[in-house]
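Take 2 as the starting number for the sequence shown in the working numbering and just add one per residue. From the three backbone atoms N, C-alpha and C, an ideal C-beta is built for every residue, glycine too. Owing to the predicted nature of the structure, the values given are computational and were not obtained by experimental measurement.
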Amino acid sequence: MKKILTVAAISFCFLSACQGQSTDTIKTESDKQGLVQVMTDVEKDKLNSVLQDLHQKGAKIIDIKLSDAKDTTGYVRTVYTVIYEKRS
């Protein structure tokens, strides 16, 4: 029984660590005009490249906010939430 609990605890830790590596989350909301509003969380070191990519794609940046993101391990990190519009 103790071995089963140990294996279950180790498996849970590995799953949590694998899920915690994803830093970007995207939420979309449809609009009647064929536009999609996208919200994504970006870490500080990737912000410039993400903004350059959005500019090259012709996306309209609506807002950039500084916020905290909590991953599955409970670690809280500071990210930038970028809200932009793109054609659907």
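Contact set for residue i: own chain, Cβ-Cβ below 7 Å, skip 5 residues either direction
i, result
"residue 61", "85, 86"
"residue 43", "25, 51, 80, 81, 83"
"residue 55", "62, 85"
"residue 48", "81"
Contacting residues, own chain, Cβ-Cβ under 6 Å from residue i (five flanking each side not counted)
i, result
"residue 66", "82"
"residue 64", "84"
Whole-Å CB distance - residue i paired with residue j, under 8 Å assumed
i, j, result
"residue 68", "residue 80", "6 Å"
For residue i, the nearest candidate out of the options (CA to CA)
i, options, result
"residue 70", "57, 45, 38", "45"
"residue 88", "58, 41, 49, 40", "58"
List in chain order: all unbroken beta strand (DSSP E) runs of 3+ residues lying wholly within the region 38-87. Unbroken beta strand (DSSP E) stretches of 3 residues or longer found wholly inside the region 38-87: 61-71, given in chain order.
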